[in-house]
Structure formats: structure tokens, C-alpha cells
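One structure is given below, encoded as C-alpha cells.
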């Protein structure tokens with residue numbers, strides 16, 4: 001028998017690490033401990049199941065069941081909680097949440113993939129307040145699903161990705177939606193003009209928006225905002241954000257970074273020997289700003305999990321960092337970003353300029369053509385492309401991926417304007433949105 | 001008055017050059033001579049007008065009319081043919097095709113943007129043969145449009161982009177289609193497995209395919225193939241390919257390259273002083289192979305036209321070359337390529353390997369998810385990415401643009417597997433098609 005590998009957490013990073021380590025080294029003894037009832041599931045898919053379970057069946061959100069892991073010789077235990085880690089002895093304390101039984105397991109190598117937890121603001125709750133839900137686990141999802149017939153008026157607290165995606169979901173279910181966001185505008189990581197487009201789009205779909213105000217109290221049949229205003233509600237979705245789940249790591253002496261998440265090197269090693277970390281509980285290196293950021297996203301966790309799995313099995317893989325790329329859908333709009341926005345670029349020491357254009361997603365005479373808004377940021381000193389934000393009904397994902405590849409190659413705005421991209425009327429205008437934006441930006445960087 | 005600029009050809013390169021030169025230098029005296037009846041039109045849009053003129057009106061295919069050019073102080077003359085160029089005297093001989101009048105105009109700078117002509121194979125034509133059409137000009141398009149009610153059975157000769165796009169168009173119009181291609185398979189610039197997918201897709205839409213045989217003769221009410229087989233037809237579309245239109249250039253002493261098209265430097269200067277060339281009549285530098293190729297595509301012509309226009313107006317712009325990127329639609333499929341395929345890579349001196357994968361365009365549980373086939377080529381020596389082909393109903397254009405940006409940055413397969421791309425279930429699987437392919441390729445390059 002090879003080394004004993006214990007993995008705490010079996011969602012994105014944990015399950016990917018387990019599968020990767022197994023593939024690389026068939027001799028490893030791999031134990032995955034998951035406090036919830038499911039492993040290897042797509043948290044990002046939950047809003048789509050909730051809005052359209054006929055086409056998005058629950059089982060499809062699960063990439064691999066514990067039985068499937070077992071067939072690969074990976075021991076996955078659901079409903080098992082790790083209570084503590086002793087890095088010197090090389091043991092973890094485990095509670096079986098079903099039986100209550102507690103015991104200790106030893107490890108040669110440990111991966112902390114504990115993810116992130118929803119922030120639950122401490123606000124007063126009246127006895128007859130509407131039910132409050134979050135959306136992080138399958139348990140949360142199933143609870144919202146079970147209540148489907150019992151509510152009509154929803155208040156969403158928080159205007160981040162999850163809040164906005166769920167506005168779309170509740171709308172698809174025919175619910176009446178109010179959304180309260182503490183910040184004076186939606187999407188603080190996006191430029192104000194992007195947030196404004198999203199705001200109009202939400203209002204156009206009948207979402208009752210309350211910006212610059214949080215929820216002060218859950219009252220009888222509703223919520224009271226900080227502003228004093230009361231909104232009636234049958235259900236409250238808390239989506240005010242996440243925080244990295246680092247309790248076990250801290251208790252084991254694992255160092256956190258300035259972002260509050262676990263620091264690792266590119267190989268996913270923490271400062272404690274034999275302990276790795278990956279996924280939403282860790283911070284990552286930003287390729288453009290050269291600074292650590294906390295970016296709790298499923299695809300990042302997945303790539304980190306692969307690196308951790310390789311290295312646990314004796315490899316020498318490295319995680320190259322992120323561009324801060326993200327995308328989400330809200331009603332008909334895709335909202336996407338990669339790289340730095342202008343203020344982030346300034347903080348990172350660049351001399352940035354931004355261009356904003358409205359262009360077309362395909363040849364203007366094709367019925368599938370839609371407007372696409374692009375904000376592209378570059379550095380005046382070097383001409384280097386630094387980032388881009390895109391919002392529109394069509395083509396935002398394509399533009400952002402193309403630009404992300406450009407950022408990875410450290411291309412300039414000049415380069416970006418000249419790339420030979422794929423043109424045919426059903427797919428792109430003769431000058432693609434990316435080229436049009438880069439053409440405007442290159443001039444701006446020289447002026 | 002500034003320099004006298006004469007531009008021969010007013011489609012993509014010529015009209016873009018005129019507009020760019022005007023913007024940069026308001027004093028130039030610009031004359032554009034176009035033998036056809038329209039300038040600045042989208043040749044690539046013609047199949048979409050023919051299949052759906054309700055949604056794709058004719059006028060939308062024209063980017064700018066002669067009147068619009070006139071308002072910018074650009075003198076555009078349609079139905080004016082240039083008969084000869086005297087580079088020493090700096091004059092062109094012009095015939096007005098309407099009046100028959102002939103005269104000479106002088107130039108300080110000349111741009112040759114004469115485009116490409118359809119190849120018309122010299123085959124015997126019976127007196128009562130069906131009408132034969134090509135599709136290059138608006139005149140061709142209008143002729144096909146006018147005959148819409150008069151034919152039911154079409155034979156398409158040639159299985160390139162235009163032949164396949166028009167198969168889609170004729171199918172949309174409810175016509176019965178046979179297609180003959182001289183080569184033993186479709187799409188010789190694509191890998192055989194891509195051609196095979198396209199072949200099945202065509203057959204699935206009822207196209208009667210005849211590969212490995214050209215048309216020997218146009219007979220009464222049909223065609224006779226080289227194989228001897230006869231096919232009944234009411235209309236024959238000749239789409240066997242294009243050749244660069246270089247007659248005027250050769251007569252003026254302008255040098256052609258090995259591809260048969262005009263050679264220019266990166267600034268679009270020919271070997272003859274004061275004479276520039278741009279668009280489908282020129283060859284271009286391939287960024288990956290470092291060799292000249294002939295790539296008659298609208299977006300390439302457009303970018304070359306911009307460079308020529310800048311330089312004619314005193315600028316110092318350079319055309320950086322192409323990746324050989326191309327895409328076309330045939331029924332539900334997008335078929336796309338960028339960079340080199342394996343045999344082109346070997347010819348260019350690389351030590352290539354190719355991976356082929358079938359992956360998903362979006363999260364597998366989204367109803368919009370489709371299979372996407374990718375063939376990715378890399379260099380074993382350097383690990384560098386060399387090219388990719390994609391075919392599928394969804395996501396091929398996005399994958400190819402992302403990879404094109406990677407090729408422009410000379411990224412390796414390792415880089416490509418690690419780029420931080422935009423993930424959300426409606427837009428991408430957690431590992432995007434590009435990452436999945438690069439992950440398989442990186443392993444193959446090391447083995």
C-alpha cells in the first residue's frame with residue numbers, strides 16, 4: 001500500500017485532486033471526507049436545476065457519485081466531518097454525522113479543500129419572519145426546490161453573482177422579486193457603466209431594486225431595510241457573499257494571506273509540511289497584477305485540484321495563476337470580465353487607460369446579431385493589454401476568452417487589434433468586437 | 001490639393017484603404033475605380049441574402065454607397081474598368097463601361113485591390129444545357145435571385161466554402177441539391193476526420209454527394225460527371241475556386257510570389273515604386289509557418305486595406321500576417337480552422353503531433369450544450385501550439401478565436417491548458433473545450 005492521502009472536502013478541488021492522484025499513482029490510499037451528502041457536484045449548476053429541472057435534472061449536476069469513486073479505489077465518505085487536524089502526529093479527528101461516532105485517521109499527506117461558506121449577517125429575526133435560505137450546498141438547493149409552491153414574493157439580499165443568477169431563476173419560476181444590495185451599485189468589481197446596463201436589464205424584467213441599503217431586520221412577513229422601508233416577502237434568499245472556510249487550516253497552523261484565504265505556493269503546498277490546500281479556501285496569484293487575490297470560482301478550484309492531485313502523487317505540477325476571469329448570466333445578458341479594471345490596474349502600478357465601445361456580435365445583417373458592450377483596459381507605458389469587461393446578449397463569452405488568451409501571452413493592444421480571428425457573417429462582423437475595441441484602445445494609449 | 005491616389009477595386013481592401021487614407025489625410029485626392037456596380041459590399045453575406053432576404057435585406061450587405069463615400073470626399077466610380085497601368089508615367093487607362101468612353105488618369109500613388117476571380121473550367125456546353133452561375137459579385141447574386149422560381153434541381157460544382165455555404169442556401173430555399181467535387185474528399189485544407197463529419201452532415205440533409213469526380217460536360221438538362229454519371233439539373237453553380245486577379249499588376253511590372261498572387265512587404269508596398277497592393281490579389285505572410293500563403297478572405301482584405309490606407313496617407317503601418325484562420329457554416333455545423341494542420345506543420349519544419357477530442361460546448365447539463373470536435377496540433381520539440389480545427393453545432397468559433405489569440409502569443413500547449421477562461425454553466429463546461437484539448441495535447445507532445 002502506498003501513502004495515505006486524506007482529502008478534506010469533496011466538491012470541486014477535493015474530488016478533482018482525488019481523481020488526478022489516483023490516475024497518476026494507483027498505489028495511493030485515498031480517503032475523501034465530505035461533511036455534506038454529495039460529492040463532486042456543480043454548485044454553479046444549482047440555479048439552472050431550480051429554474052428548469054425538466055431539462056437540467058438533479059443527477060446531471062453530480063459529476064461522480066461515491067460509488068463511482070469507489071470503483072476507482074477512492075474511499076469517499078459523505079456526512080463525515082473533520083473536527084481537527086494534528087499536523088505533528090499526522091492525524092485528523094473525524095465525526096460520522098449520521099452515527100455520531102468519532103475517531104482519528106492518520107495521513108502521510110493531507111489536502112485541505114474546505115471551500116467557502118456563505119456569510120450570514122447577524123440580523124434580528126422575528127418569530128413569524130419568512131423562511132431564510134442560502135444557496136451553497138445541495139441541501140440548500142433541495143430546500144428551495146421543496147418550497148417551490150409555498151412562496152410568491154422573494155427578497156434577495158445581495159447583488160453579486162449568486163443573487164443575480166437567482167433573480168433570473170425566480171423570474172423563470174414566475175415569482176415576484178425584490179433585491180437589496182448594501183453597496184450603492186451592483187457589481188462593484190465591474191465598471192459603473194457595466195453595472196448600469198445590468199441594473200436597467202433587471203428593472204426591465206420587473207425586479208424591484210434597492211441599492212445602497214442592506215436588510216436591517218427580518219420582520220413578520222417580510223424584511224425591513226436599513227432605509228426603514230419594509231418589503232413583504234414569503235422567502236428571503238441570503239446571498240451577501242462568501243468567506244473562505246479556514247478554521248481547520250488555522251487550527252493546524254496553516255498560514256493565511258492578506259485576503260484571509262490560505263496561502264500556498266504554485267504547487268499547492270501550504271507552509272506546513274505534508275499539508276496541501278486547494279479550491280475556494282485558498283488565495284491565488286493574479287497573473288496580471290502579480291498580487292494574490294481570493295477568487296472562489298469552480299473552474300479555478302478544479303484546476304488547483306488537478307495540480308494538488310499531481311503533486312500529492314509525486315508530480316511537479318504548478319498552478320500558473322488566474323486572470324480574474326468570470327462570467328455570469330442574468331436574464332438575457334452575459335456579464336463577463338478578465339484581467340484588471342482601471343482602478344485595479346492603477347493599484348497594481350500600471351498607467352491605465354480604458355476604452356468603451358458598443359459593437360456588434362456578428363455581421364450586422366445577420367438576424368442573430370446583437371449589441372455587445374466592451375470596456376478594454378491597457379497600459380500607456382508598455383501598450384500592454386490589461387483587462388476587459390463585456391456585457392451583452394451575444395458574444396461576451398467569446399470576446400472574454402479571446403482576450404484572456406491574449407492576456408496570457410502578454411499581448412499589447414496593437415497585437416490584439418491584428419490577431420487573425422475567424423470571420424464569417426454568422427459568427428462575427430468582419431472586424432470582430434475584440435479587434436474593434438483594441439483598435440480604439442491602441443489609439444487611446446498613444447494619446 | 002494633396003497627392004492623387006488611385007485605387008483599383010472598391011470591395012473590401014480598396015474601400016477600407018480609401019476610408020482609412022481619407023481619415024488620416026483630408027488633403028488627399030482619392031479616386032476609386034470599380035468595374036462592378038457596387039462598392040464596399042459583403043461578398044460573404046450573399047448566401048444569407050439569397051436564403052433569407054426577409055431578414056437579410058440586400059441593402060444591408062452594402063457597408064457604404066458611392067454617395068456616402070462622396071460625402072467623405074472620396075470619388076468612387078462604379079462600372080469603370082482599368083485597362084492598363086503605366087508605372088513610369090504614373091497613369092491608368094480607364095474605360096467607362098456604361099458610355100464606352102476611354103481616358104487616362106494620373107496618380108501619385110496607386111493601390112491595386114483587384115481581388116480574385118472565380119475559376120471557370122473550360123468544359124463543353126450543350127445548347128440546351130442548364131444555366132451556369134458563379135457567386136462573386138452582386139450581379140451574380142441578383143441573377144441567382146431572379147431565377148429563384150425557375151429551378152428546382154441544382155448541381156453545385158466544387159466543395160469549398162462557397163459550394164458548401166450555397167448548399168445550405170439552396171436547401172433553405174427547398175431546392176434539390178447534388179454536389180460534385182474533383183478531390184477525393186471535401187475540404188482538403190482540413191483533416192480527413194473533419195471532412196468526414198461535414199460529409200455525413202451534408203448527406204443527413206439530403207445532399208447528393210459525388211466525390212472524386214468533376215464535371216466533364218454540361219449536357220441537355222444536366223451535367224455529365226467525369227465518372228460518366230449524368231445528373232439532371234435546372235441550374236449549375238460553379239464554385240471550383242478562385243484565382244488572384246493579377247493581370248493589371250503583371251502588366252505594370254509588379255512581382256508575383258510563388259502562390260501566384262502579388263508579393264508585398266508588410267506595409268503593402270509592391271516591388272514597383274508608388275504601387276501598393278492589398279486584398280485577395282495579394283499573398284500574405286503566415287505567422288506560424290513563416291511562409292507566404294494565398295488566403296482570399298474578407299477580413300484579411302479588410303485589415304490589409306487599413307494598412308495600405310494608413311501608408312498611402314503617410315503612415316508607417318504594418319500588416320502582421322495571418323494565422324490562416326477561417327470559418328464557415330454549413331447547415332447546423334460551424335467548421336473552423338486556425339494555424340497549421342499536421343501536414344502543413346511538417347512542411348514548415350516542425351515536429352508535429354495532433355490530438356483529436358470530442359468534448360462539450362457548455363456544461364453538459366445545460367440544454368444548449370452540443371458536442372464539439374477539436375483537433376489540436378503542437379510541436380514536440382518546443383511544446384508550442386501550432387494550430388487547431390473545430391467542428392460542431394456550438395462553440396467552434398469561440399474555441400478557434402481563443403486559440404488564435406494563443407497562437408499570436410506563441411503559447412505552448414501547457415500555457416493553453418492553464419489559461420483562466422470564463423466559466424459558468426450557460427457558457428462553458430468547467431474545463432473549456434480548449435483546455436480539454438490542450439491537456440490531451442500537452443501529454444501527447446511529451447510522449
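Chains as they are written, first to last, in this note's numbering: chain W, 1 to 447; chain Y, 1 to 447.
We put the beta carbon where it would ideally sit given N, CA and C, even for glycine.
Checklist entry - Between which two residues does the beta strand (DSSP E) containing residue 210/W stretch? => result It spans 208-211 - the beta strand (DSSP E) in which residue 210/W sits, taken as one unbroken run.
Checklist entry - Grouping DSSP H, G and I as helix and E and B as strand, with all else coil, what is residue 15/W? => result helix
Next on the checklist: Please confirm whether residue 420/W has its beta-carbon closer than 8 Å to some beta-carbon of chain Y.
Outcome noted: yes
Checklist entry - Taking the alpha-carbon positions, what's the residue 196/W to residue 190/W distance? => result 10 Å
Checklist entry - For residue 391/W versus residue 165/W, is the C-beta distance shorter than 8 Å? => result no
Item to check | Cutoff 6 Å; reference residue 359/W; Cβ partners in own chain excluding five residues on either side | outcome: 372, 433, 436
Item to check | Sheet register partners of residue 142/Y (DSSP bridge) | outcome: None; residue 142/Y has no bridge partner.
Item to check | Given residue 128/W as reference, the closest of 66/W, 217/W, 301/W, 321/W once Cα atoms are compared | outcome: Checking every option, the nearest Cα to that of residue 128/W belongs to 217/W.
Checklist entry - In chain order, what residues of the same chain lie with their CB nearer than 6 Å to the CB of residue 181/Y, ignoring the 5 residues before and after it? => result The residues are 159, 211.
Item to check | Unbroken stretches of the beta strand (DSSP E), 3 residues or longer, contained in the stretch 270-314 of chain Y | outcome: 275-277
Item to check | residue 372/Y (DSSP reduced to helix, strand or coil) | outcome: Correct three-state label for residue 372/Y: strand.
Next on the checklist: With three or more beta-carbon pairs closer than 8 Å as the criterion, would you say the stretch 279-288 of chain W touches the stretch 259-269 of chain W?
Outcome noted: yes
Checklist entry - Tell me which same chain residues have a C-beta within less than 7 Å of the C-beta of residue 245/Y, skipping the five on either side of it? => result Hits under 7 Å: 114, 115, 116, 117, 281.
Checklist entry - Interface residues of chain W around residue 449/Y at Cβ under 9 Å? => result The question about residue 449/Y has no answer here: the residues shown for chain Y are numbered 1 through 447.
Checklist entry - What are the boundary residues of the beta strand (DSSP E) that includes residue 118/Y? => result 116-118
Next on the checklist: Suppose contacts are defined by Cβ-Cβ distances below 8 Å. Is residue 438/W in contact with residue 417/W by that definition?
Outcome noted: yes
Item to check | Under the three-state DSSP convention, the category residue 194/W falls into | outcome: helix
Item to check | chain Y contacts made by the stretch 330-358 of chain W, where a contact means CB separation under 9 Å | outcome: Answer in chain order: 334, 336, 337, 338.
Item to check | Residue nearest to residue 204/Y in terms of C-alpha spacing, selected from 238/Y, 168/Y, 366/Y, 256/Y | outcome: For residue 204/Y, the nearest C-alpha among the options comes from 168/Y.
Checklist entry - Using a Cβ cut-off of 9 Å, which residues of the stretch 211-226 of chain W contact any Cβ in chain Y, in chain order? => result none
Next on the checklist: Check for me: the alpha helix (DSSP H) holding residue 328/Y runs from which residue to which?
Outcome noted: No alpha helix (DSSP H) holds residue 328/Y; the beta strand (DSSP E) holding it covers 326-330.
Checklist entry - Can you tell me whether residue 398/W is buried or exposed, with buried defined as 16 or more other CB within 10 angstroms of its CB? => result Label assigned to residue 398/W: buried.
Checklist entry - Quick one: what does DSSP say residue 41/W is sitting in, helix, strand or coil? => result strand
Next on the checklist: If the criterion is Cβ atoms closer than 8 Å, does the pair residue 28/W and residue 3/W meet it?
Outcome noted: yes
Checklist entry - Whose Cβ in chain W lies nearer than 7 Å to the Cβ of residue 140/Y? => result Per Cβ cutoff of 7 Å: no residues; residue 140/Y is ~17 Å from chain W at best.
Checklist entry - With 16 as the cutoff for other CB atoms within 10 Å, does residue 349/W come out buried or exposed? => result Under this definition residue 349/W is an exposed residue.
Next on the checklist: Quick test of your reading: residue 275/Y and residue 252/Y, contact by CB under 8 Å. State the CB separation rounded to the nearest angstrom.
Outcome noted: 6 Å
Item to check | Proximity of residue 334/W and residue 400/Y at Cβ, strictly below 8 Å | outcome: no
Next on the checklist: Strictly under 8 Å for the Cβ-Cβ distance: is residue 56/Y near chain W by that measure?
Outcome noted: yes
Item to check | Spatial distance of residue 429/Y from residue 298/W (CA atoms) | outcome: 10 Å
Item to check | Runs of alpha helix (DSSP H) wholly within the stretch 362-438 of chain W (minimum 4 residues, chain order) | outcome: 396-408, 413-418
Checklist entry - Which partner residues of residue 353/Y appear in the DSSP bridge assignment? => result 378/Y
Checklist entry - Looking at residue 272/Y and residue 386/Y, is the spacing between their C-beta atoms short of 8 Å? => result no
Item to check | C-beta atoms of residue 16/W and residue 302/W nearer than 8 Å | outcome: yes
Next on the checklist: Can you look up residue 54/W in the DSSP assignment and give me helix, strand or coil?
Outcome noted: coil
Checklist entry - Among 79/W, 43/W, 109/W, which has the Cα closest to the Cα of residue 89/W? => result 109/W
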